[in-house]
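Asker: Under my numbering, the first residue of the sequence shown carries the number 450, and numbering increases by one thereafter.
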Amino acid sequence: MRTSEEYRQDLFKMKPNVYVAGRKVKRDDPLLRGGINVISKTFDLVDHPDFKDLLIATSHLTGKKINRFTHINQSAEDLMTKQLMTRKLCQIVGGCIQRCMGCDAINALSVATFAADVENGTDYNRRFVEYLKEFQNRDLVAACAQTDVKGDRSKRPHEQDDPDMYVRVVEMRSDGIVVRGAKNCITMASIADEIIVVPTRAMTERDKDYSIAFAVPADAEGVKIVARTSQLRAPKGLEMPQGEIGDDENMIIFDNVFVPWDRVFICGENKFTTLAAYLFALFHRHSYTGCKPASTDIIMGFGALIAEYNNVYDRHNIREKLVDLAAIAELVFAAGIASAVKGIKTPAGTFIPNEIYANVGRRHAGLNYYHELQILAELAGGLPACLPFAEDYLNPELRPLIDKYIKRRKEVPPENVYRCLFGISNILCSSLGGVMAVAGVHGGGSPVMEDIAIWRSYDFEEKKRIAKYLVGIKD
Ligand SMILES: Cc1cc2nc3c(=O)[nH]c(=O)nc-3n(C[C@H](O)[C@H](O)[C@H](O)COP(=O)(O)OP(=O)(O)OC[C@H]3O[C@@H](n4cnc5c(N)ncnc54)[C@H](O)[C@@H]3O)c2cc1C
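(1) Return the first residue and the last residue of the beta strand (DSSP E) that Met700 is part of.
(2) Closest to Ile876 by C-alpha separation, out of Asn466, Val627 and Ile824, would be which residue?
(3) By Cβ distance below 7 Å, which residues in the same chain neighbour Val708 in space, the five residues on each side in sequence not counted?
(4) So is the beta-carbon of Ile635 under 6 Å away from any non-hydrogen atom of ligand 1?
(5) Assign Gln585 to one of two classes, buried (16 or more other C-beta atoms within 10 Å of its C-beta) or exposed (fewer than that).
(6) Going by beta carbon distance, what residues of the same chain come within less than 6 Å of Asp658, once the five residues before and after it are set aside?
(7) For Tyr468, list the residues DSSP reports as bridge partners.
(8) What separation, rounded to the nearest whole angstrom, lies between the Cα atoms of Arg764 and Leu771?
(9) Report the CB separation of Leu810 from Thr738 in whole angstroms; it is logged as a contact under 8 Å.
(10) Over the uninterrupted beta strand (DSSP E) stretch that includes Thr636, give me the two end residues.
(11) Do Ala789 and Met529 have their C-beta atoms closer together than 7 Å?
(12) Residues in its own chain within less than 8 Å of Pro796 by CB, not counting five upstream and five downstream?
(13) If distances are taken between C-alpha atoms only, which option among Leu850, Thr649 and Ser736 comes closest to Asn719?
(14) Going by DSSP, what residue range makes up the beta strand (DSSP E) through Lys923?
(15) What does a CB cutoff of less than 8 Å around Glu643 pick up in its chain, not counting 5 residues either side in sequence?
(16) For His733, verify whether its CB is less than 6 Å away from any heavy atom of ligand 1.
(17) Ile645 and Gly484 - do their beta-carbons sit closer together than 7 Å?
(18) Around the C-beta of Lys462, are 16 or more other C-beta atoms found within 10 angstroms, so that it is buried, or is it exposed?
(19) Comparing alpha-carbon positions, which option in Leu919, Gln680 and Gly893 lies nearest Phe729?
(20) Please look up how many angstroms separate the CB atoms of Ala743 and Arg536, rounded, as I've assumed it's under 8 Å.
(21) May I ask whether a heavy atom of ligand 1 can be found less than 6 Å away from the beta carbon of Ala888?
(22) My output table needs one value for Val618: the three-state DSSP class, helix, strand or coil.
(23) For Arg682, collect the residues of the same chain with a Cβ closer than 7 Å to its Cβ; drop the 5 residues on either side in sequence, then sort them by chain order.
(24) Ligand 1 and Glu698: does the residue's C-beta get closer than 6 Å to at least one heavy atom of that ligand?
(25) Whole angstroms is fine: what's the gap from Glu936's alpha carbon to Asn808's?
(26) Mind reading off the beta-carbon distance from Arg858 to Asn760? Whole number of angstroms is fine, and I expect it under 8 Å.
(27) Under the assumption that Ser880 contacts Ser679 (Cβ atoms under 8 Å), give the Cβ distance between them as a whole number of angstroms.
(28) Sorted by chain position, which residues of the same chain lie with C-beta nearer than 6 Å to Arg812's C-beta, five sequence neighbours on each side aside?
(29) Only counting the same chain, and skipping five residues up and downstream in sequence, which positions put a Cβ closer than 7 Å to that of Ala916?
(30) Below 8 Å, how does it come out for the region 487-503 and the region 536-546: are there three or more Cβ pairs, yes or no?
(31) Round the Cβ separation of Lys632 and Asp610 to the nearest angstrom and send it over; I've been treating them as touching at under 8 Å.
(32) Got a sec? Which residues, its chain only, sit under 8 Å from Gln540 by beta carbon, not counting five neighbours each side?
(33) Keeping to the same chain, check which residues put their C-beta closer than 6 Å to that of Lys856; ignore five residues upstream and five downstream.
(34) Helix, strand or coil for Ile505, going by three-state DSSP, please let me know.
(35) Consider the C-beta atom of Gly483 and the heavy atoms of ligand 1; say whether any pair is separated by less than 6 Å.
(36) Quick check for students: name the residue ranges of the beta strand (DSSP E) that lie wholly in the region 551-614, counting only runs of 3 or more.
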């Protein structure tokens, strides 16, 4: 397995094709550091006693020990371990662990390529498995680029005025394909080794040029990554784990990018790219049943701590709010467990989560994120929005005065109060906090996408039968 140092060195050797805040940068740029620190945890913690059983899996291909982020789920146990690993890692980094996208993409492709081959006699799965072996052996980190820019939202890919609104094949060659288009909102693309591309939505017969799934190195010729990074800050003298983390979201432009056939996993079979899109969303929503409870854990932790510092922890109004948060976190987590237990083994051997439970879990989390922030804002009072900057708090002239005036319960050192409010401010008032809030709603698919998935597969007919039975309607 790779170490975080090897991961960093591999990134730093890549061609500079990342643009951030007006500059074209190499991947050792300080603006990318926070995200790299987050991904590094997925390497560093493989030897940690609390994490090794979660982070290390056994490859079903080679029997070797591999990082779970490169593993294809073989059982309900695997899905539950991934979910718990995600929750615990997100707690450690105080937010999104960012590496699940690539993991969810390889799981989706393991099923979709197999199904395509069974029906059409293609050799997509063989290509994919070769890629997967390399992915596992090199312990690669991949972004999954699903969300196309989509142009006019009322139109399908082939109906758009500009045909490049969804990533498409513009040239078929004997040695591969050339693709063009752009993907939006792609987490950690600028700090990934690889970009795995799947379509955003169901594709029709007329969208065959858009019906593609492939992988490219993140610095492949013609790939331009426009990053928007957010960093939590903690100045020297006020070190804290939160200060080391960051997030990066990216627009990826595929400007006539050549993809050799061995990296093209589906090309033209709209039924199976639709399956790949659907399965990526399904695996990713299951991942959300791990990461969203962690976000709630963090919000809950800060809410409880500030209430304790304020000496009102056991008051009725506080208890109600904390219980509300606990109920959200654990219901979402329970939905993930149910989704694993009720999952199914596909003919490809991959174990997929149950659709209904993964979607209701993700939906519940998405609908509640701003509600959770509101609870934290209520519990914390207004100071997170008005807190003196840490540089001023650390100013020896001001420090004793600020300490005097932020003091709460007498046993609690004022610096702890300051740190707690600083952490809450990072969640409620920072640029990264804002990004995480929008991600809470839209990441993994907006709540309406979960509605569509639930509507498609939930058995409402059976509910009508119950109603008819209860009132004696026979038809
Ligand atoms: C922080 C963050 C990280 C993300 N990370 C990733 C990632 O790593 N990989 C990835 O692929 N994606 C990622 N996403 C993208 C995410 O999946 C999308 O934001 C989400 O699917 C919504 O798509 P959109 O942003 O294009 O919104 P839009 O599709 O523009 O939706 C906006 C609104 O319009 C409505 N709407 C759109 N089309 C229709 C229609 N035809 N009929 C009726 N209503 C419609 C929607 O319901 C929604 O309310 C991320 C998003 C965020 C915010």
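From the three backbone atoms N, C-alpha and C, an ideal C-beta is built for every residue, glycine too. All values derive from a computational prediction rather than experimental measurement.
Answerer: Well, looking at it:
(1) Gly695 to Pro709
(2) Ile824
(3) Gly625, Ile626, Val628, Phe663 and Val665
(4) yes
(5) buried
(6) Arg617 and Val618
(7) Lys473 and Val675
(8) 11 Å
(9) Position check: residue 810 holds Gly in this sequence, whereas Leu was assumed. Their Cβ separation, rounded to whole angstroms, is 4 Å, which keeps Gly810 and Thr738 in contact under 8 Å.
(10) Gly625 to Thr636
(11) yes
(12) Phe563, Ala564 and Val567
(13) Thr649
(14) Note, Lys923: premise wrong, no beta strand (DSSP E); not H, not E.
(15) Gly551, Phe584, Leu589, Val590, Ala591, Ala592, Ala664, Val665, Pro666 and Ala667
(16) no
(17) no
(18) exposed
(19) Gly893
(20) 5 Å
(21) yes
(22) strand
(23) Gly692
(24) yes
(25) Nothing can be reported for residue 936: it is not among the residues displayed for the chain, which extend from 450 to 924.
(26) 5 Å
(27) 4 Å
(28) Pro896 and Glu899
(29) none
(30) yes
(31) So it is not a contact: roughly 19 Å between Cβ atoms.
(32) Ala743, Asp746 and Ile747
(33) Pro863
(34) strand
(35) no
(36) 591-594
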